[in-house]
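Undergrad: From first to last, the protein sequence lines are chains A and B.
Oh and the first sequence: position 54 is 155 in our numbering, straight run, nothing missing.
Oh and the second sequence: position 65 is 55 in our numbering, straight run, nothing missing.
We put the beta carbon where it would ideally sit given N, CA and C, even for glycine.
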Amino acid sequence: KQEVTQIPAALSVPEGENLVLNCSFTDSAIYNLQWFRQDPGKGLTSLLLIQSSQREQTSGRLNASLDKSSGRSTLYIAASQPGDSATYLCAGGDYGGSQGNLIFGKGTKLSVKP
Amino acid sequence: NAGVTQTPKFQVLKTGQSMTLQCAQDMNHEYMSWYRQDPGMGLRLIHYSVGAGITDQGEVPNGYNVSRSTTEDFPLRLLSAAPSQTSVYFCASSYSRPTGLSSGNTIYFGEGSWLTVV
């Protein structure tokens, strides 16, 4: 069964800093890896989706990478801003063990200080 | 375009009561799912559906029931509420299974339903 882990659980950085959020998964048969943002009291918003055949995806100041062989994905946030403060979750899955459904990590709570 | 709409936003139930959380999407998505989110546990899949008339169990299905009579709606029923079902519930939808090979499988979440069982 796919397991997804995110470390650290919380991270605080000063505004303007570049930062990396980590996500690891146990089953390399993963089909895709997705990154989400969750603001307090809100639902999840999809940020980036990396297919298993891809190595990375970029959207604005966000860059996500996927290394299936090592079971890792990273979300790079450039020039962080206070508006980036939120919980970031990664999720992956496969067509076998998870039957096409997403398995979520517990998230990293990011705080960007002005 | 409303996306995924969940109702109610907040609900307090007494132990043993039943209720239905409503979920509707207007994107003609075939895949719909219900998750619960608890502190320290993350998001866990309750039930999911890959199309009208087709439902299946997720990781934590006990105490919940679902049906999918239309493409748009996917209600979640709590049969006899227990304090352990106090949680935040999220409905989500996507064009097809979110880990399918199609590149367009962005999944959309509702705003959540906060349920307290006393």
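With distances taken Cα to Cα, identify the nearest neighbour of A/P183 among A/L211, A/S125, A/Q158.
TA: Comparing Cα-Cα distances from A/P183 to each of A/L211, A/S125, A/Q158, the minimum goes to A/L211.
Undergrad: Compute every distance between the C-beta of A/L134 and the non-hydrogen atoms of the ligand NAD, then say whether any falls below 8 Å.
TA: Although the ligand NAD was asked about, the structure shown includes no ligands whatsoever.
Undergrad: Return the residues of the region 69 to 87 of chain B that lie within a Cβ-Cβ distance of less than 7 Å from chain C, sorted by chain order.
TA: Here the protein chains are A and B, and chain C is not one of them.
Undergrad: Give me the Cα-Cα distance between B/D28 and A/S154, rounded to the nearest whole angstrom.
TA: If I take the Cα positions, the gap works out to 33 Å.
Undergrad: Please name the residues in the region 115 to 148 of chain A whose beta-carbon is closer than 9 Å to at least one beta-carbon of chain B, in chain order.
TA: Here the close residues are I131, Y132, N133, Q135, F137, Q139, G142, K143, G144, L145, T146, S147.
Undergrad: How is the beta strand (DSSP E) around A/V271 delimited, first residue to last?
TA: This structure does not reach residue 271 of chain A, given that chain A is present from 102 up to 215, and the question cannot be answered.
Undergrad: Since A/N202 meets chain B, which of its residues come closer than 8 Å, beta carbon to beta carbon?
TA: Within 8 Å Cβ-Cβ: S23, L35, Y38, G48, R87, P88, T89.
Undergrad: Between which residues of its own chain and B/P(-2) is the CB-CB distance below 7 Å, once the five residues before and five after are set aside?
TA: The answer, listed in chain order, is S103.
Undergrad: Counting only C-beta atoms, is B/F99 closer than 9 Å to chain A at any point?
TA: Yes, B/F99 lies at the interface with chain A (some Cβ there is under 9 Å from its Cβ).
Undergrad: What residues are listed by DSSP as bridge partners for B/A14?
TA: B/A14 pairs with B/T(-5), B/D63.
Undergrad: What's the C-alpha gap between A/R162 and B/N55?
TA: The alpha-carbon atoms of A/R162 and B/N55 are separated by roughly 41 Å.
Undergrad: Can you list, in chain order, the residues of its chain whose CB lies under 6 Å from that of B/D16, leaving out five sequence neighbours each side?
TA: Closer than 6 Å at the Cβ level, and outside the excluded window around B/D16, lie A(-8).
Undergrad: Looking only at its own chain, which residues have a Cβ that is under 7 Å from the Cβ of A/G201, when we skip the five neighbours before and after it?
TA: G194.
Undergrad: Within the same chain, show all residues whose beta-carbon is closer than 6 Å to that of A/A111, passing over the 5 residues directly before and after it, in chain order.
TA: Taken in chain order, the residues that qualify are K210.
Undergrad: Among all the DSSP beta bridges, which residues are the ones paired with A/Q135?
TA: According to DSSP, A/Q135 bridges with A/L150, A/A192.
Undergrad: Could you give the distance in angstroms between the alpha-carbon of B/S39 and the alpha-carbon of A/G117?
TA: If I take the Cα positions, the gap works out to 43 Å.
Undergrad: To the nearest angstrom, how far is the alpha carbon of B/S74 from that of B/Q7?
TA: Answer to the nearest angstrom: the Cα atoms are 13 Å apart.
Undergrad: Give the interface partners of B/G102 over in chain A, defined as CB-CB distance under 8 Å, in chain order.
TA: By Cβ distance, chain A contributes G142, K143, G144.
Undergrad: Of all the CB atoms in chain B, is at least one closer than 9 Å to the CB of A/K207?
TA: Closer than 9 Å to some Cβ of chain B, the Cβ of A/K207 qualifies, so yes.
Undergrad: If we ignore side chains and look at the alpha-carbon of each, how far apart do A/D185 and A/Y177 end up?
TA: So the alpha carbons of these two residues sit roughly 12 Å apart.
Undergrad: For the region 2 to 14 of chain B, list every residue whose C-beta sits within 9 Å of some C-beta in chain A, in sequence order.
TA: Hits within the stretch: zero.
Undergrad: Would you mind telling me which residues of chain A sit closer than 8 Å to B/G32, beta carbon to beta carbon, in chain order?
TA: Ordered by position in chain A, the residues that pass the 8 Å Cβ test against B/G32 are L190, F205, G206, K207, G208.
Undergrad: Just to confirm the assignment: which complete beta strand (DSSP E) runs, minimum length 3, are found wholly within the region 28 to 97 of chain B?
TA: Here the runs fully enclosed are 32 to 41, 44 to 47, 54 to 56, 66 to 68, 77 to 84.
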